[in-house]
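Just so you know, we're using this note's numbering here: the sequence shown kicks off at 5 and counts up by one.
The C-beta atom is built at its ideal place from N, Cα and C for all residues, glycine as well.
Read the structure below first, then the notes.
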Amino acid sequence: MSNLKELINRVNTVSSIVKMTSAMKLVSSRNLKKTQEKLLNLNFYKYNIEKIFKILLLNNNNFLFKKNKKNKKTILLIVLTSNRGLCGSFNNFLLKISNYLINNFFKKKNIYILFFGKKGKELFSKKYPILVYNSNLIENINFNILSNIINDIYKNYKIGNFIKIIMIYNNSKNIYKKFISIKQILPVKINKHFFLKKKKDFRFEPSKKKILKFLFPEMLKLKIYNSILESKISEHSSRMMAMQKAKDNGLKIKKELLYYFNKIRKENITKEILEIIGGI
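Below you can see the structure in the form of C-alpha cells.
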C-alpha cells in the first residue's frame with residue numbers, strides 16, 4: 005500500500021506541475037502578443053524616422069564617420085538578457101556567445117558592460133566592470149528611463165570614453181527561428197552605395213546639421229528600444245516552447261506513473277482474492 009500512496013502522490017505532484025506550466029505558457033503567449041503589437045507600431049514610426057535621417061545624411065555623411073582619437077581600446081558591450089529563467093537556452097547561449105566574443109575578439113580591449121536583465125549580471129559582474137545595470141526595463145519598458153541611459157552613453161562616446169558600442173541580444177524572425185544579433189551601435193555603419201543614389205533634395209529648417217545633432221541620439225534610442233522589444237519577443241517565445249515541452253514531458257511521466265499505479269493495484273487485488281480463496 006505504501007507504494008500506491010507514493011505513486012499517487014507523485015501523480016498529483018506531476019499534475020500540479022502540468023497545470024503550472026500550462027498557465028505559464030498562456031501568460032507568455034499573452035505577453036508575446038502585446039510585445040509584438042508594440043514592435044509593429046514602433047517599426048512604422050522607426051521606418052519613417054530612418055527615411056528622414058538618410059535624406060539628411062546626403063550632404064552630411066561625414067557626421068557619422070568621426071574618428072575617436074582619445075581612447076582606442078575601450079569598448080562598451082550592451083547585453084540584453086532576461087530577469088527570470090524557465091526559458092530554455094535563451095540566456096545560456098547568449099552569455100556563451102558574449103563570453104566568446106570578449107575573449108576572442110576584444111581580448112586586447114578594455115571592456116565595460118551595460119546589462120539589461122539579471123541573468124547576465126549574475127555571471128559577468130565577477131569578471132568585467134559593469135557600467136550600468138538595469139533590470140526593470142526588461143519587464144516594464146520605460147522609454148524615458150531608457151532615454152536617460154542612452155543620453156549618458158552618447159555623451160561618454162562623444163567625449164572619447166568609448167571607441168565602440170556593441171549590442172548583443174536574442175532575436176527572432178518568428179517564434180520558432182531564433183538567432184543571436186550582434187550590432188554595432190556606434191560608430192554607425194552606413195552603406196556607402198546609399199550616398200551614390202540620386203535622391204530628391206528637400207529644404208530643412210533649421211539647418212540639416214542642427215537637425216542631425218538632435219535626431220542622431222534619438223535614432224540610437226529607437227534602435228536600442230527596438231532591440232529590447234525583439235529580445236522580449238524571443239524570450240516569451242522561448243518560454244512558451246520550454247513550457248510546452250515541460251507540459252508534454254509531465255503528461256508522459258503522469259501516464260507512465262498511472263500505468264504502474266494500475267498495474268500494482270491490480271496485482272494487489274489479485275493477491276487479496278487469491279488469499280481469500282485460499283482461506284476458504
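Asked: Give a yes or no on whether the C-beta atoms belonging to glutamate 168 and asparagine 114 are separated by under 8 Å.; Found: Correcting the residue type first, residue 168 is lysine in the shown sequence and not glutamate. Against a cut-off of 8 Å, the Cβ pair of asparagine 114 and lysine 168 comes out as no contact.
Asked: Looking at isoleucine 153: is its Cβ nearer than 8 Å to the Cβ of asparagine 165?; Found: no
Asked: Excluding five sequence neighbours on each side, which residues of the same chain lie with their C-beta closer than 7 Å to the C-beta of leucine 255?; Found: Val22
Asked: Of the choices Asn13, Ile56, Ile228, Lys258, whose alpha-carbon is the least far from that of leucine 219?; Found: Ile56
Asked: Hey, could you find the ends of the alpha helix (DSSP H) serine 151 is sitting in?; Found: 147 to 162
Asked: So, for asparagine 230: in the same chain, excluding its five sequence neighbours on each side, which residues have a beta-carbon less than 8 Å away from its beta-carbon?; Found: Leu43, Leu46, Asn47, Lys50
Asked: Mind checking whether lysine 29 and glutamine 248 have CB atoms under 8 Å apart?; Found: yes
Asked: Here's a check: name, in chain order, each residue in its chain whose Cβ is nearer than 6 Å to the Cβ of phenylalanine 69, leaving out the five neighbours to either side.; Found: For phenylalanine 69, the predicted model reports a pLDDT of 49, less than 50, meaning its position is unreliable; a value from the coordinates is still stated below. Within the same chain, phenylalanine 69 has no close Cβ partners at all.
Asked: Pick from Ser102, Leu61, Ile172, Leu135: whose alpha carbon is nearest that of lysine 227?; Found: Ile172
Asked: Assign lysine 23 to one of three DSSP states: helix, strand, or coil.; Found: helix
Asked: On the three-state DSSP scale, how would you describe tyrosine 116?; Found: strand
Asked: Using three-state DSSP, classify leucine 84 as helix, strand or coil.; Found: strand
Asked: Kindly indicate the opening and closing residues of the beta strand (DSSP E) around isoleucine 170.; Found: 168 to 176
Asked: DSSP three-state label for methionine 5, please.; Found: Here methionine 5 scores only 49 on pLDDT, less than 50, and its place in the model should not be relied on; the value that follows carries that caveat. In the structure shown, methionine 5 sits in coil (DSSP, three-state: anything other than H, G, I, E or B).
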